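Asker:
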Amino acid sequence: MADYLVIVESPAKAKTIERYLGKKYKVKASMGHIRDLPKSQMGVNVEEEYEPKYITIRGKGPVLKELKTAAKKVKKVYLAADPDREGEAIAWHLAHSLNIDDTSECRVVFNEITKDAIKESFKHPRKIDMNLVDAQQARRILDRLVGYNISPLLWKKVKKGLSAGRVQSVAVKMIIDREREIENFKPEEYWSIDGTFLKDKEEFKGSFHNIDGKKKSLGNKDDVDQILNTMKGSQFKVEKVNKRERKRNPSAPFITSSLQQEAARKLNFRARKTMMVAQQLYEGIDLGKKEGGITGLITYMRTDSTRISDTAKKEASEYITEHYGKEYLGTSKPSKKAEGAQDAHEAIRPTSVHRDPKSLKSILSRDQYRLYKLIWDRFAASQMAPAIMDTVTAHLMNEGVEFRASGSVLKFKGFMKVYIEGTDDTTKEEDKMLPELEEGMFVEAKQIDPNQHFTQPPPRYTEARLVKTLEEQGIGRPSTYAPTLDTIQRRGYVTLDNKRFVPTELGEIVLDLIREFFPEIIDVDFTVKMEGDLDAVEEGKTEWVKIIDGFYQGFDKRLEKAEKEMEKVEIRDEPAGIDCENCGHEMVYKMGRYGKFLACSNFPECRNTKPILKEIGVKCPSCKEGNVVERKTKKRRTFYGCDNYPECEFLSWDKPISRPCPKCSSLLVEKKSKKGTQIQCTACDYKEEQQS
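Start counting at 1 in the sequence shown, then tack on 32, and there's your number in our numbering.
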């Protein structure tokens, strides 16, 4: 019989921890929250200091009963939910449901699920931190007051199934504002002048920089012609050569937002998938008996701190020295705390740097391996020495017209031996080296090319860029980004087109209504201030009721006004230009859970629906009669199939192209990778050059 009961959130975590603690401990899972606000009603008494009404979550009765039975059989119960606000709230709800004194030392927290970390944490149990609980309660209640008041209003005035929230509304606003900025963008003409130069038959590139020592903008062809007419002949004098050594420092270890961004850039992972796979790595993977069984491979993945423990630094130092040499070891510096960061626990890192990705490749799934490798590489690189480059800038003169040519050579790889951040240019630095140039010598311009350009509108947000912008502006917290991006897509406010967010008509209508009647909900400064106020609750500097009341007093008045003045909006279905093959009525575009689809306008008499098919101009290679169309899976992954489906079952994940393989006449497809797109044959070894 066990002496102690430990309660965690998930069965995988329970299994791992029970093995570390031994026979005296029984570890069970609560499967997340046990109690929450009811779904069927507001659940917040605004007349009684915003007192929340908590109920046992539907379906959790048997779990709670099992936990109560187990708790009666032991000397003590430990609550070991995740080490964050939500985990603290789960522990508090469990204490309440199991009649555990929340002022007793019943709370255990750990940042990594390893034997040493678990055993050490049980030596230092503590009381439940009510500041953390109150901060979580305040967020939950605030979101409930916003969502359960504005959402029914939107159902009544626009359509059912809509919602509004603090962070999601700001995210939608940012996407729509960017789209309107793109629509209103007016391109401006500008020019550049690039030169190809020769030094002893060795080519190098340079670009126009100034004339007579003064910068000159090249706004049109006349400006370019003036420069070209000033120059005489093809000889350029090397007026000056600047050489210097430049250091490039490694990036800090991952925090939640930077992990989501880099996984999107390098692995093509959505934010939700990144967090799901990271959770698996954190809770534990079975490494086999020789390697210690189920083991947590990374530290906790919801964090906004880049801090690293001294133990982890020491282990990394030993590993780098052994595998790369002492010269690759970085100088240990104290981690900088970002403004607003809670610094409750460490950055995301491997629990042991000695478990290198290669040693785990056969054990992990493909997704687990790729994400683990990304985390391992980033952490190892963060503890390594800077890369050192020799950079050269040559000033080339012709009649007062100056061109500049720059190049660099990688002198010492440092951290770049292991990892380079995804936003960096992946072109090798040594490929940009200039020939040996000396002041006073002459080089010849082989070719001078004037190039016309037009300014481009700002790009639409990718998931990575939106997460980065939300983080930079202080909106939301690490744990909120993935569910926020998921929600705004499920509600039909935005869609993803070529991995970039595009607002829908519905999203624009809802935003305009919120902008008119509840401007503070989408005001960035207000949202940032609210986050700061909620953090102050967490730090014990203010009471949560005071924060909620300060918001609700003004919000309640605007709610009354909106109830009276908000006009009903009719969203008309957009005609599709084709008739229903079943009843002859016009087909229309409708918005569903997975995006737009075609439906008969004679609904409900006729329930005919069809997916929207996008032709790509390729005949089906299988049946030879149908056309290949672009389709989407339920998870929004693009694939290609025949429009005669189900009669023809042709399917391809790669985009087919219209011309046949010149070698065997089979189907050619576009294969995409990080380096670009390559055209390959599906039947033979024919390949075409990579296109960036």
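Heads up, the beta-carbon is just placed ideally off N, CA and C, and yes, glycines get one too. Remember, it's a predicted structure, so these values are computed and weren't measured experimentally.
1) Leu174: which of Tyr82, Arg210, Lys191, His125 sits nearest, CA to CA?
2) By the 10 Å Cβ neighbour count, where 16 or more other Cβ atoms means buried, how is Asp456 classified, buried or exposed?
3) Buried or exposed, going by whether 16 or more other CB atoms sit within 10 Å of the CB of Met473?
4) For Ser239 and Asp226, what's the separation of their Cα atoms in angstroms?
5) When burial is assigned at 16 or more other CB atoms within 10 Å of the CB, is Asp166 buried or exposed?
6) Considering Cα atoms alone, identify which of His617, Phe550, Lys573, Glu606 is closest to Tyr584.
7) Suppose the cutoff is 8 Å on Cβ atoms and the five residues either side in sequence are ignored; what does the same chain contact list for Tyr19 look like?
8) Cα-Cα, which of Leu319, Ala203, Glu213 is closest to Pro515?
9) Rounded to whole angstroms, what is the Cα-Cα separation between Leu329 and Ala295?
10) In terms of residue numbering, what span does the beta strand (DSSP E) encompassing His427 cover?
11) Using only CA atoms, which one of Val199, Ile207, Lys147 lies nearest to Gly539?
12) When the distance is taken between beta carbons, is Ser183 closer than 7 Å to Ile554?
13) Along the chain, which unbroken stretches of the alpha helix (DSSP H) at least 4 residues long are found entirely within the region 314-396?
14) Short of 8 Å in beta carbon distance, which residues of its chain neighbour Phe154, apart from the five on each side in sequence? Order them along the chain.
15) Can you give the Cα-Cα distance for Pro418 and Ala303, rounded to whole angstroms?
16) Pro382: buried (16+ other C-beta within 10 angstroms of its C-beta) or exposed?
17) I'd like to know whether the C-beta atoms of Leu164 and Glu570 end up nearer to each other than 7 Å.
18) If you compare alpha carbons, which of Arg663, Cys652, Met74, Leu299 is closest to Ile644?
19) DSSP state of Arg210, grouped into three classes?
20) Inspect the CB distances between the region 436-449 and the region 220-237 and report whether three or more fall short of 8 Å.
21) State the Cα-Cα distance for the pair Trp685 and Thr228, rounded to the nearest angstrom.
22) I'd like the list of long-range same chain contacts for Pro43, defined as Cβ closer than 6 Å, with 5 residues on each side in sequence excluded.
23) What do you get for Lys45, buried or exposed, if any count of 16 or more other CB atoms within 10 angstroms of its CB means buried?
24) Within 10 angstroms of its Cβ, does Ser224 collect 16 or more other Cβ (buried), or is it exposed?
25) Got a sec, what are the start and stop residues for the alpha helix (DSSP H) Gln521 sits in?
26) Among Arg176, Ile150, Leu185, Asp133, which residue has its Cα nearest to the Cα of Asp161?
27) Give the secondary structure of Glu271 by DSSP, where H, G and I count as helix, E and B as strand, and everything else as coil.
28) Considering only DSSP beta bridges, list what Thr670 is partnered with.
29) Verify whether the separation of the beta carbon atoms of Val40 and Glu50 is less than 7 Å.
30) Are Glu211 and Pro489 close, meaning C-beta to C-beta below 7 Å?
31) With a threshold of 16 other CB atoms inside 10 Å of the CB of Thr327, please say whether the residue is buried or exposed.
32) At which residues does the alpha helix (DSSP H) containing Lys188 begin and terminate?
33) Examine the Cβ distances between the region 255-266 and the region 308-322 and report whether three or more of them are shorter than 8 Å.
34) Looking only at C-alpha atoms, which of Val475, Ser391, Leu194 sits nearest to Met429?
35) With contact counted as at least three CB pairs below 8 Å, one residue from each stretch, are the region 269-278 and the region 476-485 in contact?
36) Please identify the residue among Glu575, Pro688, Asp518, Leu466 whose C-alpha is closest to the C-alpha of Thr670.
Answerer: Taking the coordinates as given:
1) Nearest of Tyr82, Arg210, Lys191, His125 to Leu174, Cα basis: Tyr82.
2) With a pLDDT of only 38 at Asp456, under 50, the local geometry of the prediction cannot be trusted, and no value is derived from it.
3) Met473 counts as exposed, since fewer than 16 other beta carbons sit within 10 angstroms of its beta carbon.
4) In this model, Ser239 and Asp226 are separated by some 4 Å (Cα to Cα).
5) It is buried - the Cβ of Asp166 has at least 16 other Cβ atoms within 10 Å.
6) Answer by Cα proximity: Phe550.
7) Only positions 33 to 724 of the chain appear in the structure, and residue 19 is not among them; the question remains open.
8) For Pro515, the nearest C-alpha among the options comes from Ala203.
9) Roughly 17 Å between the two C-alpha positions.
10) Per DSSP, His427 is one residue of the beta strand (DSSP E) stretching across 419-430.
11) Nearest option by C-alpha distance: Ile207.
12) Result no, Cβ atoms of Ile554 and Ser183 do not sit closer than 7 Å.
13) List check, alpha helix (DSSP H) in window: 342-355, 389-392.
14) Sequence-distant Cβ neighbours of Phe154 in its own chain, meaning closer than 8 Å and more than five residues away, are Leu53, Tyr110, Val140.
15) Cα atoms of Pro418 and Ala303: separation of roughly 30 Å, rounded to the nearest angstrom.
16) By the neighbour-count rule (16 or more Cβ atoms within 10 Å), Pro382 is buried.
17) Pairing Leu164 with Glu570 gives a Cβ-Cβ distance under 7 Å.
18) Residue Arg663 is the option with its Cα nearest to Ile644.
19) Note: Arg210 maps to helix in three-state DSSP.
20) Contact holds: three or more Cβ-Cβ distances are below 8 Å.
21) Distance from the CA atom of Trp685 to the CA atom of Thr228, rounded to whole angstroms, is 42 Å.
22) If we look at Pro43 and ignore the five residues flanking it on each side, its Cβ neighbours are Ala61.
23) Buried: at least 16 other Cβ atoms inside 10 Å.
24) Answer is exposed; the Cβ neighbour count stays below 16.
25) For Gln521, the uninterrupted alpha helix (DSSP H) segment begins and ends at 513-522.
26) For Asp161, the nearest C-alpha among the options comes from Asp133.
27) Here Glu271 sits in strand by DSSP.
28) Paired residues: Lys664.
29) The answer is no: Cβ separation not under 7 Å.
30) Cβ distance not < 7 Å, so Glu211 and Pro489 don't count as in contact.
31) The Cβ neighbour count for Thr327, taken over all protein chains shown within 10 Å, is at least 16; the residue is labelled buried.
32) Lys188 -> alpha helix (DSSP H) spans 162-189.
33) The region 255-266 makes no contact with the region 308-322; the number of CB pairs closer than 8 Å stays below 3.
34) Met429 has its Cα closest to that of Val475, out of Val475, Ser391, Leu194.
35) By the Cβ rule, the region 269-278 does not count as touching the region 476-485, because fewer than three pairs are nearer than 8 Å.
36) Per the Cα distances, Pro688.
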